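88 is the number of the first residue of the sequence shown in this note's numbering; add one for each residue after it. Beta carbons: idealized from backbone N, C-alpha and C, even for Gly. Note that the structure is a prediction, hence the values are computed from the model and not measured. Below is one structure, written out as structure tokens, with a few remarks after it.
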Amino acid sequence: MFHFYAMLSRMKYINRWGLMRNTRHENICEHSLDTAVIAHSLALLRNTRFGGNVNPERAAVLAMFHDATEILTGDLPTPVKYDNPDIRQAYRRVEQVAQQKLLALLPPDLQPAYRPLICGDQPQDQDLLPLVKAADKISALIKCVEERGMGNAEFRQAEQAQRKAIASMGLPEADCFLTEFLPSYELTLDEQDLPKD
88 MFHFYAMLSR MKYINRWGLM RNTRHENICE HSLDTAVIAH SLALLRNTRF
138 GGNVNPERAA VLAMFHDATE ILTGDLPTPV KYDNPDIRQA YRRVEQVAQQ
188 KLLALLPPDL QPAYRPLICG DQPQDQDLLP LVKAADKISA LIKCVEERGM
238 GNAEFRQAEQ AQRKAIASMG LPEADCFLTE FLPSYELTLD EQDLPKD
């Protein structure tokens, strides 16, 4: 008996933004889906508008698994995780142990297929990892925008920090997403002007 998929299903129990007052809690399962959708779009933008040749589907799958270790580690709040290099280095070791534990929950013949998804260490994925990282940050920014839209000022500084982090990545695909798609997240369903039949 192998427990990998049952363990992945527990992503829905791990809440993000643990130190913040949330009007609506977000778990890593929904965050991972959002990140996958955004990573897919960033890869498409790279290919369509910026002369790239990357695999959007692979970007989406990498994003689906980007926080899988948090099933075992929990979501360590950003102020703690990045407060000093020693904590960041120790947490990286904890993540590596969690990666190995997750992989051990698979039958041996499936482990090679999942290793690059869980560990993100394959040379052929190196062009996609910055897009996944940007998608992760954009997903966090969307959460901040939504919280602000619900009158929650708690996320104001986090929103500024996410915008700054995304801008510092220097990815035209991410800039394009922020310009063309992010404003819609501040609109109501009626304001989004669905096409008429």
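Figure out for me which residue from L274, N134, D223 has the closest Cα to the Cα of R250. For the purposes of this step, residue 250 is identified with residue 163 of the sequence shown, where counting begins at 1. Out of L274, N134, D223, D223 has the C-alpha closest to the C-alpha of R250.
Name the residue from F89, Y272, G138 whose alpha carbon lies nearest to the alpha carbon of A227. For the purposes of this step, residue 227 is taken as the residue at position 140 of the sequence shown. Nearest of F89, Y272, G138 to A227, Cα basis: Y272.
Could you pull out every residue in the same chain whose Cβ sits closer than 6 Å to the Cβ of D121, ignoring the five residues on either side in sequence? Residue numbering aside, residue 121 sits at position 34 when the sequence shown is read from its first letter. If we look at D121 and ignore the five residues flanking it on each side, its Cβ neighbours are S226.
Just to confirm before moving on: does the CB-CB distance between A126 and L149 stay below 9 Å? The count along the sequence shown starts at 1 and reaches residue 126 at position 39. The count along the sequence shown starts at 1 and reaches residue 149 at position 62. Yes, the Cβ-Cβ distance between A126 and L149 is below 9 Å.
Along the alpha helix (DSSP H) that carries F89, what are the first and last residues, could you check? The residue labelled residue 89 in the question sits at position 2 within the sequence shown. No alpha helix (DSSP H) holds F89; DSSP gives it neither H nor E.
Roughly how many angstroms separate the alpha carbons of E234 and F152, rounded to a whole number? Here residue 234 corresponds to residue number 147 of the sequence shown, with the count starting at 1. Here residue 152 corresponds to residue number 65 of the sequence shown, with the count starting at 1. Each residue's alpha carbon lies about 25 Å from the other.
Taking Q211 as part of the alpha helix (DSSP H), name the residues at either end of that continuous run. Walking along the sequence shown from the start, residue 211 turns up at place 124. Here Q211 belongs to no alpha helix (DSSP H), and DSSP marks it neither H nor E.
Measure the CB-CB distance between N114 and M94 and report whether it falls below 9 Å. Walking along the sequence shown from the start, residue 114 turns up at place 27. Walking along the sequence shown from the start, residue 94 turns up at place 7. Going by C-beta atoms, N114 is not nearer than 9 Å to M94.
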